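Okay, so here's the structure we're looking at.
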Amino acid sequence: MELNTIYKNPVKVKARIAYIYPSIYRVMISSLAPDIIYQLSNSMDEAYTERFTNTRLTGDEPPPRSLETNTPLKYFGLILTTLHYEPDIVNLVRLLIAGKIPVKREQRDTPIIAGGPVVMENPIPYSGIIDAFVIGEAEVTLEKVLLKWFETMDKKRFLEEIAGLPYVYVPGVNDGEKIIRKYVERLDDAAHPVHQVENTEIEPIYGGGFKLEVSRGCPYWCSFCLESRVFQPYRERSIMMLKEIMEEGLSSSIWGRRVVIYSLSFPVSPTHVKLLEYISQEKIKASLPSLRLTALRSNVLELIKEIGQRTLSLAPETFSPLLHRVFFKYVSLHDEIVNTIEDILKQGFNIKLYMIYGVKGTRIDEVKIDINTLKKLASSARSHDRELSISLNPLIPKPHTMFQWIGMEEPAKLKEILGLYRGELRGLIDARPYDIEWGFIQAYIALSSMPLDNVFINVATRGGGLSAWRKALGDKYLRSSYVLKGYEFGGKLPWEFIVLGDLPVKIAEKQYEAFLSLSGEGSMP
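Next comes the structure, spelled out in structure tokens:
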């Protein structure tokens, strides 16, 4: 049973809008973005937005019906969707097929508008399916887009109108123009969902609680990170605003006095520490995001313990001093971060570590540094009766990062490195690898210079999932030159018409030049 669902009389609104979250329901209620879009769009009197999700991640979907009124998808005049993860486009296609709605945009009367981080990185792969892409944050873009729909209620006129908005890309209408990302300048001015949809029978992935967005963007520029580019600049909500949002939100939450904190970088500021102090004083429990290792001083760890967090997620990515320089993260801080992790174990926390491997040209010696350090930490965890687990992830090159010019390591080399980790750490650490092939699929989509609608349809008609990708493409995504070699530095990039800002471009170039200098001095082969 859902609480805080929005109900309107469908016959009394001008526009019925479908919001498709292209994954399963539990994933949707674990994200704050659907609440933002749901509440923003339904705050407009002319609209009634109803939600759709996949019922499963693979196989055939039943005909999709809205969660609010059980209305078939085909009866909605406008479809909104958000793409947070490149392969999610296949889930969207599966729902369209199940709803007997034409997948290709030229064959469809119903416009589909997409937003989200993978849309902002590179909309080209999806441009044979999606009619228009919103490059920016919903709080400052969605209302104007919907007003254009209310004015026209006709696909052709609507697309022509929104193509005039500087942050909207409409394939076939404003091709060749620069699309300028639009973002919230002051986070305190952005509406935060307080009456969030919750379910009494289904718990979100990160546990039940009121979802609280503390900050947006990241003050750091790790070389592999897409989110720091598409959500820059770094912005925080004030402590006063956070208190107001939290108290109002908790009053309508089924989870009691418990919050789930959303932040790309936490706790990195005085505001974050004040928030932890307030949560502790008010006897509120909290679930925290991945934590910045250099911010975990003893007083902060004590506050974290007081608010009920017993397992900390940390992302050192590597323990190799060389790869710290490649990643532009924790440079020259190897001993400090290892000592911090050991101190965290001593203080009684369990730890989940996020690791990245497979930077092109990495020597096995660097992998062995990771393995030896992890063995040392595993020993420390056992001596303090704590649990240590790791997530092993191949480096996936993304647009707007320096890896767009470097590419992805060969599959055989990645499998060799992963085998080394697993063999050396077996029985010592719970190691959970991210599938290498899924990594290649992400890169195959993200870095594409061409629409991939036929590929997505082929995969979707086979039910989605990794086996469907294999049947549809064989090993093509494992040997695409743009994935393995990247693009030419200094050449034209397919997605450069998407303007995230001057800073991401300059930083990516400087980081790539620094990477080349490491190669030049012999640090990288």
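Numbered per our numbering, the sequence shown spans residues 11 to 535. Positions of the beta carbon are idealized from the N, C-alpha and C atoms, including for glycine. Computed from a predicted model, the values in this text were never measured in an experiment.
Looking only at Arg-247, Ala-173 and Pro-409, the smallest Cα-Cα distance to Ser-279 is reached by Arg-247. Of all alpha-carbon atoms in Asn-403, Gly-266 and Trp-415, the one lying nearest the alpha-carbon of Leu-503 is that of Trp-415.
Under the DSSP assignment, Ser-459 falls outside any alpha helix (DSSP H); it carries neither an H nor an E label. Secondary structure in the segment 158-227: the alpha helix (DSSP H) runs of 4 residues or longer, each lying completely within the stretch, are 165-172 in chain order. DSSP, reduced to helix, strand and coil, places Tyr-230 outside both helices and strands of the structure shown, so it counts as coil. Ranked by Cα distance from Leu-402, the options Arg-392, Arg-432 and Lys-408 are led by Arg-432. A straight-line Cα-Cα distance of about 28 Å links Lys-495 and Arg-191.
Put simply, of Leu-102, Phe-234, Val-100 and Ala-57 the residue whose alpha carbon is nearest the alpha carbon of Lys-158 is Ala-57.
Its Cα nearest to that of Asp-395, the residue Lys-356 stands out among Lys-356, Gly-371 and Thr-65. Taken through DSSP and simplified to helix, strand or coil, Asp-440 comes out as strand. If only uninterrupted alpha helix (DSSP H) runs of at least 4 residues are considered, none is enclosed by the segment 494-524. Here DSSP, grouped into helix, strand and coil, assigns Met-365 to strand. The continuous alpha helix (DSSP H) containing Ala-388 extends over residues 374-393. Here Ile-46 carries a helix assignment [DSSP, helix/strand/coil]. A direct Cα-Cα distance of roughly 36 Å separates Leu-152 from Ser-490. Residue environment for Ser-261: exposed (fewer than 16 other C-beta atoms within 10 angstroms of its C-beta).
By the 16-neighbour rule on beta-carbons within 10 angstroms, Asn-80 is exposed. Between Phe-525 and Val-336 a beta carbon distance of about 6 Å is seen, short of the 8 Å cut, so the two are scored as contacting.
The three-state reading of DSSP puts Pro-326 in strand, counting E and B together. Within the model, the alpha-carbon separation for Met-412 versus Tyr-492 is close to 14 Å. Within the segment 71-116, the alpha helix (DSSP H) runs of at least 4 residues that lie entirely inside it are, in chain order, 98-108. Contact between the segment 55-73 and the segment 93-104 is present: three or more C-beta pairs spanning the two stretches fall below 8 Å. Contact check for Thr-210 against Ile-264 passes: the beta carbons are separated by less than 8 Å. In summary, Tyr-17 is exposed, with fewer than 16 beta-carbon neighbours lying within 10 Å of its beta-carbon over all protein chains present. Beta-bridge partners of Leu-13 (DSSP): Glu-208.
Taking 8 Å as the cut-off, the beta carbon of Ile-446 is found no closer than this to the beta carbon of Pro-407. At the C-beta level, Ile-366 and Ile-351 stay beyond 8 Å of one another. Judged by beta-carbon spacing, Val-465 lies beyond the 8 Å limit of Ala-453, meaning their Cβ atoms are not closer than that value. An exposed status is given to Val-21, since fewer than 16 other beta-carbon atoms sit within 10 Å of its beta-carbon. In this chain, the alpha helix (DSSP H) harbouring Ile-351 covers 344-356.
With contact defined as three or more Cβ pairs closer than 8 Å, the segment 214-227 and the segment 240-256 are in contact.
The way I'd put it, the segment 369-385 does touch the segment 420-435; three or more beta-carbon pairs between them come closer than 8 Å.
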